[in-house]
Structure formats: structure tokens, C-alpha cells
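Just so we're aligned: the sequence shown equals residues 188 to 273 in the numbering used here.
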Amino acid sequence: MRLDKYLKISRLIKRRPIAKEIADSGRIKINSKIAKSSSVVKVDDLIEIAFGNKIVTVKITNIINSTKKEDASKTYELIKEIRNDL
């Protein structure tokens with residue numbers, strides 16, 4: 188599945204165009220490599236997302252084509268979240 192679609196379905200990022208913009212600006216890594224929005228993700232990949240003042244790392248546990256809001260968090264496992272509060 189494409190990275191931007193996975194991020195939207197998992198609700199890590201609420202909208203696909205925003206996921207595409209963040210990925211294409213070099214703020215997302217898959218398995219420690221900078222990823223584009225069209226990069227393919229699979230189960231057990233580690234995704235690192237650099238939001239404004241925090242970095243979130245998750246492990247993909249499930250890939251499905253669509254999901255309900257309450258099931259979205261079952262598609263990944265939070266590995267770590269680092270805040271850069273200045």
C-alpha cells in the first residue's frame with residue numbers, strides 16, 4: 188500500500204494530501220530511509236514521522252484498505268514519541 192494512503196487509513200495523519208506533502212518534504216522515514224508519498228509500506232515496517240515539535244515512530248501491524256475510526260489504531264504499534272519542547 189502507498190505510504191500516503193496508509194497514513195490516512197491509520198489516522199496517523201488525517202488527510203491524504205497532508206500525508207503526501209509531509210512525505211514529499213522529507214519528514215517521513217520508512218526503516219530509517221527517507222520516503223516519498225508513493226513509497227510502498229508493508230507489515231513490520233517502521234515509520235518515523237517528524238511533526239512540528241515531535242517525532243513519532245510506529246511499527247505497522249496490519250494493512251487494510253479501509254477502516255473505522257475506532258479500528259485505526261489497530262493498524263500500528265507506537266514504538267516511541269519524542270518531544271522537542273524548547
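Heads up, the beta-carbon is just placed ideally off N, CA and C, and yes, glycines get one too.
Going by other Cβ atoms of all chains shown within 10 Å of its Cβ, with 16 needed for buried, is residue i buried or exposed?
i: SER225; result: exposed
i: GLU235; result: buried
i: ASP227; result: It should be noted that the sequence gives Val, not Asp, for residue 227. So VAL227 ends up on the exposed side.
Within a Cβ cutoff of 6 Å, which residues of the same chain sit near residue i, ignoring the five residues on either side of it in sequence?
i: LYS246; result: LEU233, GLU264 and ILE266
Taking the beta strand (DSSP E) that residue i falls in, what are its first and last residues?
i: ILE269; result: 263-270
Could you name the residues of the same chain whose beta carbon sits closer than 8 Å to that of residue i, not counting the 5 residues immediately before and after it, in chain order?
i: ARG189; result: SER224, SER225, SER226, VAL227 and VAL228
i: VAL230; result: ILE247, THR248, ASN249 and ILE250
Does the beta carbon of residue i fall short of 7 Å from some heavy atom of the ligand ZN?
i: LYS195; result: Although the ligand ZN was asked about, the structure shown includes no ligands whatsoever.
Which whole-angstrom value describes the C-beta separation of residue i and residue j, a residue pair presumed to lie in contact below a C-beta threshold of 8 Å?
i: ILE209; j: ILE251; result: The pair is not a contact, with the Cβ atoms about 22 Å apart (cut-off 8 Å).
i: ALA237; j: ARG270; result: That belief does not hold up - the Cβ atoms of ALA237 and ARG270 are roughly 12 Å apart, past 8 Å.
Under DSSP, the alpha helix (DSSP H) around residue i begins and ends at which residues?
i: LEU233; result: Not the alpha helix (DSSP H): LEU233 falls in the beta strand (DSSP E), residues 233-237.
The segment 214-229 / the segment 262-270 touching (three or more Cβ pairs under 8 Å): Short answer: they don't touch.
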